[in-house]
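Only one structure is covered here, and it is reproduced in the block below.
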Amino acid sequence: AKAVGDLFTRGIYDCYITLRGYPYLHEPDEFTFGTRACDIMDDQDIDCIYASAGTVGSLLSKVRRTRFGGFPVVRSAAKRSLLGYVHTRPLREHLERLVELGLSEAVQVVFSRFGAQK
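Residues in the sequence shown are numbered consecutively from 635, following the working numbering.
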């Protein structure tokens, strides 16, 4: 069924990526499985969220102005090892709800599983 569907439309996973707004690389036909990602990526920095993400206000500002459906979470600017992925809409809604309930936008945000460890 998948092969027949792929003959007439884009793949189901390509559609899902587009619908969710994931900032994934396109898959050009001229590249093979032997090609490295760094050889075909655009020359732009990937917008990430760090494990110690700053303040509620700065993080809320970032997720309000983005056009992407989410962000990779990395350890820090210096150590950009991938820790996870956070979806924009649920994060924005949660932060907005906390601010409405009276949480100060100056409160520090840390993804505690990955933040500074004692």
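Glycine residues also receive a C-beta, built at the ideal position from the N, C-alpha and C atoms. All of these numbers come straight from a predicted model, not from anything done at the bench.
Length of the line joining the Cα atoms of residue i and residue j
i, j, result
"Glu-739", "Arg-726", "13 Å"
"Val-638", "Arg-654", "24 Å"
"Thr-643", "Gln-742", "46 Å"
"Tyr-684", "Val-720", "11 Å"
"Leu-735", "Leu-641", "51 Å"
"Tyr-650", "Leu-717", "22 Å"
"Asp-648", "Thr-689", "34 Å"
"Lys-752", "Ser-686", "Caution is warranted here: a pLDDT of 45 is assigned to Lys-752, below 50, making its placement in the model unreliable, and the coordinate value is therefore given only provisionally. So the alpha carbons of these two residues sit roughly 14 Å apart."
"Ser-746", "Leu-693", "15 Å"
"Arg-731", "Ile-680", "27 Å"
"Thr-652", "Thr-700", "15 Å"
Residue range of the alpha helix (DSSP H) that includes residue i
i, result
"Leu-735", "Here Leu-735 belongs to no alpha helix (DSSP H), and DSSP marks it neither H nor E."
"Ser-695", "690-699"
Among the options, nearest to residue i - alpha-carbon criterion
i, options, result
"Gly-691", "Val-733, Ile-646, Phe-745, Val-744", "Val-733"
"Arg-709", "Asp-679, Val-744, Arg-723", "Val-744"
"Leu-729", "Ile-651, Ser-695, Leu-717, Asp-648", "Ser-695"
"Arg-723", "Gly-688, Gly-704, Leu-717, Ser-746", "Gly-704"
"Tyr-656", "Asp-679, Phe-702, Val-697", "Phe-702"
Cβ-based neighbour list, residue i, same chain, cut-off 6 Å, excluding 5 preceding and 5 following
i, result
"Ile-646", "none"
"Phe-706", "Note on residue identity: the sequence assigns Pro, not Phe, to residue 706. Closer than 6 Å at the Cβ level, and outside the excluded window around Pro-706, lie Cys-682, Leu-716, Tyr-719."
Spatial neighbours of residue i in its chain, beta-carbon cut-off 8 Å, leaving aside the 5 residues before and after
i, result
"Ala-711", "Tyr-684"
"Arg-714", "Cys-682, Val-708"
"Arg-698", "Arg-726"
"Leu-737", "Val-690"
Opening and closing residue of the beta strand (DSSP E) in which residue i lies
i, result
"Tyr-719", "716-721"
"Gly-704", "704-708"
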